[in-house]
Structures are given as structure tokens and as C-alpha cells.
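In case it helps, my numbering puts the sequence shown at residues 101 to 743. We put the beta carbon where it would ideally sit given N, CA and C, even for glycine.
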Amino acid sequence: MLNEFVYCPRLFYYEQVEGIFVESADTERGSAIHERVDRGKGALPPQARKKRKSEVKGAAVEVSEVSMESVSETEETDLADLKTHRPEASADGGETIHSRSAMLSSERLGVVAKMDLIEVKMAGRSEGDLFGRYEAQSVTPVDYKVGAPRRSTEGNELWDADRMQLGLQILILRDNGYACDEGVIYYRATKQRVRLIMTPEIERWIVGKIEEARALTLSPEIPPPLVNSPKCVRCSLAPVCLPDETRMLGHDSAWESKRGAATEPSGSTRSTANEAPRRLIATRDEERALYLNTQGYRVGLKPERLIIHDGESLVDEVRLIDVSHVALFGNVQISTQAVRELCEQEIPVAYFSLGGWFYGLTRGHGLKNVHTRIQQFTAAGNPVRCLEVAQSIVRAKIRNHRTMLMRLHTEAPTPTIVGLKEIAARVSDARGLDELLGMEGAAAALYFQQFAGLIKVGGDEEDDEIPGLESVPEADARRHTAAAKEFTFDFTRRRRRPPTDPVNALLSLSYSLLAKDCTIAAFAVGFDPYVGFYHQPRHGRPALALDLMEEFRPLVAESAVLTAINNRMITPSHFVRAGNAVNLSPIGRKAFFHAYEQRMNSLITHPIFDYKVSYRRVIELQARLLAKWLTGEIPEYVPMTTR
Ligand code: SF4
């Protein structure tokens, strides 16, 4: 951890204070190397008796206790082995043994270190030792690193973070009474050893860094991101940290002009090439959502796979590494073993009614940090801050609605476009959430009055012939033709509970799926999704997820509905009626899941950061920006608006 402090204090803060750790290819490679060297039992022979008597007089018991504590994770036999182990002669004529995975601590420094490998030069059997014990004359810690050493005109050098780690090991060994003047790092990429000779200057530097790191753990403020550092490119926490985005929207004066444009109502200026943040996050997830809506399916677990059965027949097997989350609709059963494994692997399971009502989510312990939630609860109790962020969210939603109409409507009526613009401009004048709610309602009424103009679908009679649609069994064809006559995509107004026509049924399902994705994003960032700023807490309502989804309703949920209808992915034959309510059939739901996921995974150029990312990524990005606004890293929450 202390080497991470030297690498980047912000990284140290994330890991040590907030408990956030993200694996990357580099960290996994490093773990694999350490796993191999960690196979040792951690025992270390005692220090040379002469040294202990002269240097730690009267403290022999204490030293011995530290040593015993240092091998507390090892089996009793480890020490016994060492006590009688005869060292091998090394090439230089001395006798050397290797101790792996020794855990030692220093009370003076207040630190603990697990050391990959310690080369121990043996002093030979002590006279008068009835047990024939060998003692360490001097020790040299050896650590393994994946990369290459730092090149300088003087030759190969240690990186500062490596110097910190190795130097600490030397000091800890010394504090435990061992003679240790140097250490070695072995860099695997170049297969080279680089030596560190301990000096008083290095010791002072290390002790100073320990004090700085300790002070940081008590600070409520996370250090700022590094500036244009190449370290960020390889940092596994870059998607959490968002170094360039935070600087751009935050208090960094170098980004002042861009920040003004980003938060400006028109939001019309793009980053130029040299001022655009680097894209340090993946454009889209490689994992996919697993939707299951066939009633009676059972989800079980096999090693590293989910298995899906219908009765006795195996329907599918899905590798866990390919799954981002699981969404279960209606009576789909899942075994305890599968849920436990999904929790373990941080893969959320979302539960819906058959009609698409989002009940909730199961997930593992995940994020352990509480700072974001403390800030969230504090802000949620502050009406001024709630209104501030609610205004941003509502303004963005109205703007996105207006853009949708201008882009997609066959002939968007000018009064509607002007009306939406005027309401968006008045949002800042709202004196409270109720007034804001009224404005949002007025804007939504204007928008939904014109929603029918976004639906561009022709005669239904051709729909079943569209290639790529879910195949309709021959036997059902007549019934579906009748259904097609009963259901149309005529839209008059938004009807929620229950939806009474196909478009409203699709909208309701789409909003439910979006609420699920915003809940997952809220959890991923460390929020409590049930405490919102605009949406007030109500039992069972993921209020923060609903806040987050406002700006994405047009961009994701309504767009997915329009794509599904206009591209004939969904046809009237995909609906069933139950009383007044209209619902999708299982085949229709499956087709809509496909349309929705297509939208979530489609790439857009981010209007502020100017790099390409999927909508799923943008939702998480927005959740992280919201967290940064709460912690004061950025002065205001900048919502996602499309041009
Ligand atoms: S991305 Fe850069 S600034 Fe952020 S934690 Fe990693 S190294 Fe530090």
C-alpha cells in the first residue's frame, strides 16, 4: 500500500481509505507472480545470536515474539523444519537459504510487510545450541515485479514506488534484529536485478512518506488526480478516478475554457484534440446482460458457468465471465449456489415481475467505502443541494426530449419546440422541488403529445415477414394476425399502470430496464440507490436510480422503444391483452430485450469528453460525476445532453 502512496496518493486513498480495488491485466499478472513466490511457508531463521545480544540487549524475548508473530500463519512444522535445516553451500562458498512469504512488522514504523523472498546468509550452528539451530548472519529481501526497471543515464534504477517497498522491507528486517543493508528487485520483463543500498537519506525519505500516508488516511479529502501522467494509462482505477474528466470539470484552471463550454446551457463546444481528456475507460463492456423470461426456467451453477434448465432439458450454459448481470422475469428460479457465486463475482441479479415491474437486486458486498454514501445522505438532507442537482437533471431531460423531437419527428411543431426550450430555461427559477416537478410535468405533456410523430411504422400485415424477427410458429400465425388487427402503435398519451396499449407497454418495460441499469450503476459507484435528490425516498423505490435515469429516458429508454417499433423488431403480434392491460408476449419481451441491449451497447461520442463510449458506460460515468460533485471534486453535476 505504501508503494501505492508513492506511485499516486490518490490511488492509495481509493484503495486504503475507500476500499476500492479494481483488477487489471497488470494487477492480475502481478498477483500470479506473487502467488507463485507466496507458496513458501513464511518462516525465517533467527537472527545471529551475537547481534541480538549486542544490539537488542534484553529484548531477545521481544524479538522472538515478533518473529513468532510473523509466522503466525504458518504451520508449526515450518519452524521446526528451519531449526534443523542444514543450509546449502552457495556459489561464493557461503551458506544461503531462501525464505519465502515472510510476514514481518515494525512497531517503530507501525507497518507490516509480506516479503516475497528473503535470501538468508547463514552463520552456522550456534555453540551450545542443543537444538542444532542455524542463525541468519545477514538477510537480503528480494521482490518480484512484472515490468522493467527505470532507465537513466546512470543505468537501471528502481522506480520510486519500488524503492519505497524494498526500502521498507530492509527497515523492517533491521527493526527485527536482522543485519540487512540492501535489497533487490527482480524485474521480469527484462529479467534484471536492481539493488537498493540503504542510506540515511533513503531511510529519512521512507519515514517521511509513512507520515504523509498516515495523515492522508485521516483526511476527508481525496488528493487531486495526477496531471497528464502516463501512470494513469496503466492504472486499474482510472475508470473510477477519471483523472482528466475530473480535472476538466473540476477546479483545474488549465481546463477553465472547456469547463465553461461543458456546463454552458447550449453545451455546444467540443474539446479540441489537445484538450480532450484521454479515454482511459473501455468503450463498452465485454460482458453481456443475461435476460431470462421463460416461465419455469431454472438457473443453476456448474464450475464457472450458469446452467439453465427447462424441466429436465438443458436450455443453455453461460460462462460467468461473459455475464454483466442477470435479469429474471416472473417465475424463473435460481439456486442458492448460483446466487452465492454471482454475489462472489460481483454480478448483480435483478428481479422483475412478468409484466416488467422492477422489484430489486441481489449483489455481493461490493464496495466497502462509506464516504460517498455519507456525502449522499448529507446532500439528500439539504434542500438547496437537492434542488441544485434536480434542476440540472430536469433541464437535461427536457433538452434531450426537445432534441429527440427535432431529430426524429416527421414535422416537429414549432410551438412544442419553443415551449420545451422556454421551460428548460425557466428550470433555474424553480424555488423548490414541487415547482420543478410542475415544470417537468408540463414539458413531458408537451413532448408526449408529439410522441406519435416519432413512430414511423407502416402496414402491420408485412411485419411477420421482416427477416431477423423472432420466428412465429405456424400454428400461431392466425392468432397473431388477429392480434395485429387488435393492437396498433397509435399513441395518444402516456398511460402507466397498467399500460393500455403497445407503445405504453414498451415504454413501461423500457423504463424498468433503465431503472435496473441505473440501480446497478449507483451500486457500482458506492451510492445507496434508495436515497435520491429529486425523487424523494419512498419504500422500495430506488430514488437515486430514478434521478440518474431522467436524462437517459429519451436517450436510452424511449430511443430503444422507437427503434424496436420503427425497425419492426416488435410488431403488434408481440402483445397480449389481460383485461385493460396490454403486455408483451414472452417472444415480444425477448425481442425487446434485444432492442434495449442494442441501444445500451451502441457507441456515442460523449458530448463533453469527446470520446466514444457505450450508453451503459455513460450511465456509470454520470453516476461517478454525481459522486464527484457530492465530494466537492467538481463544482457542479454536469448531466448528459445530446446535441
Ligand atoms: S488514474 Fe492516475 S490519478 Fe487516478 S488513481 Fe490512477 S494513477 Fe492516480
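Alpha-carbon spacing of residue i relative to residue j, whole angstroms
| i | j | result |
| --- | --- | --- |
| residue 610 | residue 714 | 17 Å |
| residue 499 | residue 723 | 19 Å |
| residue 106 | residue 544 | 52 Å |
| residue 414 | residue 630 | 37 Å |
| residue 624 | residue 196 | 49 Å |
| residue 301 | residue 308 | 11 Å |
| residue 184 | residue 258 | Because the pLDDT at residue 184 is just 38, under 50, the model does not fix this residue reliably, and the value given afterwards should be weighed accordingly. Using only the alpha carbons, I get a separation of about 37 Å. |
| residue 728 | residue 734 | 6 Å |
| residue 177 | residue 216 | Unreliable placement is indicated for residue 177, whose pLDDT of 31 sits below 50; the coordinate value is still reported in the next sentence. Cα to Cα, the separation comes out at about 20 Å. |
| residue 685 | residue 401 | 28 Å |
| residue 74 | residue 683 | This structure gives no information on residue 74, because the portion of the chain shown stretches from 101 to 743. |
| residue 338 | residue 348 | 15 Å |
| residue 694 | residue 423 | 15 Å |
| residue 452 | residue 391 | 10 Å |
| residue 565 | residue 675 | Here the model assigns residue 565 a pLDDT of 41, short of 50, so the residue's position is not dependable, and the following value carries that caveat. In a straight line, the C-alpha of residue 565 is about 17 Å away from that of residue 675. |
| residue 265 | residue 103 | 5 Å |
| residue 636 | residue 446 | 28 Å |
| residue 318 | residue 389 | 39 Å |
As assigned by DSSP and simplified to three states, the class of residue i
| i | result |
| --- | --- |
| residue 219 | strand |
| residue 633 | coil |
| residue 331 | helix |
| residue 151 | Per-residue confidence for residue 151 stands at a pLDDT of 41, beneath the threshold of 50, marking its modelled position as unreliable; the derived number appears in the next sentence. Here residue 151 sits in helix by DSSP. |
| residue 675 | strand |
| residue 203 | strand |
| residue 372 | Annotation note: pLDDT 46 at residue 372 (below 50); position unreliable, no value reported. |
| residue 541 | helix |
| residue 654 | helix |
| residue 738 | coil |
| residue 445 | coil |
| residue 610 | helix |
| residue 113 | helix |
| residue 452 | strand |
| residue 616 | helix |
| residue 213 | strand |
| residue 424 | strand |
Element boundaries [beta strand (DSSP E), containing residue i]
| i | result |
| --- | --- |
| residue 257 | 255–257 |
| residue 296 | 292–297 |
| residue 416 | 413–419 |
| residue 431 | Here residue 431 belongs to no beta strand (DSSP E), and DSSP marks it neither H nor E. |
| residue 409 | 405–410 |
| residue 462 | 458–462 |
| residue 390 | 388–392 |
| residue 285 | 282–287 |
| residue 251 | 250–252 |
For residue i, the first and last residue of its enclosing alpha helix (DSSP H)
| i | result |
| --- | --- |
| residue 667 | Counting along the chain, residue 667 falls outside any alpha helix (DSSP H), and DSSP gives it neither H nor E. |
| residue 718 | 715–730 |
| residue 402 | Element bounds for residue 402: not the alpha helix (DSSP H) but the beta strand (DSSP E), 397–402. |
| residue 314 | 300–317 |
| residue 271 | 260–275 |
| residue 346 | 343–349 |
| residue 701 | 686–701 |
| residue 644 | 643–649 |
| residue 107 | 102–107 |
Same chain, Cβ closer than 8 Å to residue i, neighbours up to 5 away in sequence not counted
| i | result |
| --- | --- |
| residue 511 | 553 |
| residue 437 | 400 and 401 |
Reference residue i, options the options, closest by Cα
| i | options | result |
| --- | --- | --- |
| residue 508 | 327, 743 and 270 | 743 |
| residue 298 | 121, 522, 240 and 535 | 240 |
| residue 707 | 538, 201 and 377 | 377 |
| residue 290 | 245, 118 and 596 | 245 |
| residue 551 | 531, 517 and 539 | 517 |
| residue 242 | 698, 310, 721 and 288 | 288 |
| residue 118 | 273, 272, 218 and 340 | 340 |
| residue 208 | 494, 121 and 306 | 306 |
| residue 758 | 206, 222 and 214 | With the chain covering 101 to 743 only, the question about residue 758 has no answer from this structure. |
| residue 546 | 533, 521 and 530 | 521 |
| residue 328 | 343, 286, 318 and 320 | 343 |
| residue 412 | 420, 406 and 397 | 397 |
| residue 612 | 632, 556, 689 and 293 | 689 |
Sequence-distant residues of its chain with Cβ nearer than 7 Å to residue i (five each side left out)
| i | result |
| --- | --- |
| residue 295 | 282 and 284 |
| residue 158 | Here the model assigns residue 158 a pLDDT of 30, short of 50, so the residue's position is not dependable, and the following value carries that caveat. Once the five neighbours on either side are set aside, residue 158 has no close Cβ partner at all. |
| residue 618 | 645, 648, 649 and 719 |
| residue 267 | 296, 298, 302 and 306 |
Beta-carbon contacts of residue i that lie in its chain and below 6 Å, excluding the five residues immediately before and after
| i | result |
| --- | --- |
| residue 448 | 425, 461, 463 and 620 |
| residue 662 | 554 |
Any C-beta of chain B under 8 Å from that of residue i
| i | result |
| --- | --- |
| residue 115 | The chain labelled as chain B is not found in the depicted structure, where only one protein chain is given. |
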